[in-house]
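Engineer: Handing you a structure now.
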Amino acid sequence: SLSSSSHISKHRHTLLRHNDGEMFAVNSLWCLSSDNKCRICIQHIVSSKLFTTIINIIIILNCVVLVLETINELKQLSDYSNYIFTCIFTIECVLKIIAYGFILEQHSYLRDPWNWLDFIVVVTGLISLFPQINANLFALRAFRLLRPLKTISMFPNLRMFISTLINSLLDVGVVFLMLLLLLVIFAV
Numbered sequence: 218s219l220s221s222s223s224h225i226s227k228h229r230h231t232l233l234r235h236n237d238g239e240m241f242a243v244n245s246l247w248c249l250s251s252d253n254k255c256r257i258c259i260q261h262i263v264s265s266k267l268f269t270t271i272i273n274i275i276i277i278l279n280c281v282v283l284v285l286e287t288i289n290e291l292k293q294l295s296d297y298s299n300y301i302f303t304c305i306f307t308i309e310c311v312l313k314i315i316a317y318g319f320i321l322e323q324h325s326y327l328r329d330p331w332n333w334l335d336f337i338v339v340v341t342g343l344i345s346l347f348p349q350i351n352a353n354l355f356a357l358r359a360f361r362l363l364r365p366l367k368t369i370s371m372f373p374n375l376r377m378f379i380s381t382l383i384n385s386l387l388d389v390g391v392v393f394l395m396l397l398l399l400l401v402i403f404a405v
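What follows is the structure in structure tokens.
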């Protein structure tokens, strides 16, 4: 309901915050405003713990199917499941884009770098469904292996851990370059 939402002014954008703390842009896809009943319903669905739990279960099922794909007798199951999982992840992506907005406003779907991976996985999954394109770009099927990484965007603590790991690896890279420089200097 509209009464469970409150408006917050921030810079020149106005954001919509639900009681659970989720931030949504006021406009989505240039046509859905904050008082659109369908969008409000989708915002409540996307921000619910049930939705997150269902998506996580689907990701785990997808991991199991990817493992079972190595068995030759189950190859046909793998082809059908790819259509199903691509459809489910596309629906999740579309719902989040409707709820958060696409990219232009603050707190929109693609303003969160963790959603980039989700979006890339969905787009490459959709491209791989077309046989005429898939024949030429067989490597796109490898992007299905990135689907388990969608769990990173679901858990805030895991996000923080991965971010810290990436930042520390960048620092280790700088140390490695310094070591390489010293080796070059003393080798000459």
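Letter 164 of the sequence shown, counting from 1, is numbered 381 in our numbering, and no numbers are missing.
Ideal Cβ positions, reconstructed from N, Cα and C, are used throughout, including at glycine.
1. Taking DSSP as the reference, what is the three-state secondary structure of F241?
2. Quick check on C258: buried or exposed, where buried means 16 or more other Cβ atoms within 10 Å of its Cβ?
3. If we ignore side chains and look at the alpha-carbon of each, how far apart do F268 and K313 end up?
4. Can you grab the Cα-Cα spacing for the pair L321 / F378, in whole Å?
5. Tell me whether the beta-carbon of C280 lies closer than 7 Å to the beta-carbon of P365.
6. Mind checking Q260: buried by the 16 CB within 10 Å criterion, or exposed?
7. Leaving aside the five residues before and after I383 along the sequence, list all residues of the same chain whose C-beta is less than 8 Å from its C-beta, in chain order.
8. Can you give the Cα-Cα distance for K333 and K367, rounded to whole angstroms?
9. Confirm, please, whether the CB-CB distance from I315 to S245 is below 7 Å.
10. For H324 and F241, what's the separation of their Cα atoms in angstroms?
11. Thinking C-alpha only, which one of V263, I402, L363 and C255 is nearest T303?
12. What residues in its chain sit with their C-beta under 7 Å from that of R328, if we drop five residues either side in the sequence?
13. Look at the alpha carbon of I337 and the alpha carbon of T270, and state the distance between them as a whole number of angstroms.
14. Based on the DSSP output, what are the partners of L249 in its beta bridges?
15. Within the same chain, show all residues whose beta-carbon is closer than 7 Å to that of I305, passing over the 5 residues directly before and after it, in chain order.
16. Less than 7 Å between the beta carbons of I369 and R361, yes or no?
17. Given a threshold of 16 other Cβ atoms within 10 Å of its Cβ, counted over all protein chains shown, does E290 qualify as buried or as exposed?
Structural biologist: Inspection of the coordinates gives the following:
1. Along the sequence shown, one-based indexing puts residue 241 at 24. Strand, per DSSP.
2. Position 41 of the sequence shown holds residue 258. Per the 10 Å Cβ criterion, exposed.
3. Stepping through the sequence shown from its first residue, residue 268 is reached at position 51. Stepping through the sequence shown from its first residue, residue 313 is reached at position 96. Approximately 11 Å, taken between the alpha carbons.
4. Along the sequence shown, read from residue 1 onward, the residue named residue 321 stands at position 104. Along the sequence shown, read from residue 1 onward, the residue named residue 378 stands at position 161. Cα to Cα, L321 sits roughly 28 Å from F378.
5. Numbered from its first residue, the sequence shown carries residue 280 at position 63. Numbered from its first residue, the sequence shown carries residue 365 at position 148. It is a contact, given that the beta carbons lie within the stated cut-off.
6. For this step, residue 260 is matched to residue 43 along the sequence shown. Answer is buried; the Cβ neighbour count reaches 16.
7. Along the sequence shown, one-based indexing puts residue 383 at 166. Correct list: empty, nothing qualifies.
8. For the purposes of this step, residue 333 is taken as the residue at position 116 of the sequence shown. For the purposes of this step, residue 367 is taken as the residue at position 150 of the sequence shown. The sequence given here has Trp at residue 333, not Lys. Going by the C-alpha atoms only, they are around 10 Å apart.
9. Numbered from 1 along the sequence shown, position 28 holds the residue referred to as residue 245. Numbered from 1 along the sequence shown, position 98 holds the residue referred to as residue 315. Taking 7 Å as the Cβ cut-off, S245 and I315 qualify as a contacting pair.
10. On the sequence shown, position 107 is the one that residue 324 refers to. On the sequence shown, position 24 is the one that residue 241 refers to. When rounded, the distance between both Cα atoms is 6 Å.
11. Taking the first residue of the sequence shown as 1, we reach residue 303 at position 86. If we check each option's Cα against that of T303, L363 comes out closest.
12. Mapped onto the sequence shown, residue 328 falls at position 111. These residues qualify, in order along the chain: I320.
13. By one-based count along the sequence shown, residue 337 stands at place 120. By one-based count along the sequence shown, residue 270 stands at place 53. Using only the alpha carbons, I get a separation of about 21 Å.
14. Locating residue 249 in the sequence shown gives position 32, counting from the first residue. S245, per the DSSP bridge assignment.
15. The residue given as residue 305 occupies position 88 in the sequence shown. Around I305: I275.
16. Working through the sequence shown from its first residue, we reach residue 369 at position 152. Working through the sequence shown from its first residue, we reach residue 361 at position 144. The answer is no: Cβ separation not under 7 Å.
17. For the purposes of this step, residue 290 is taken as residue 73 along the sequence shown, with counting starting at 1. Exposed, by the Cβ-count rule.
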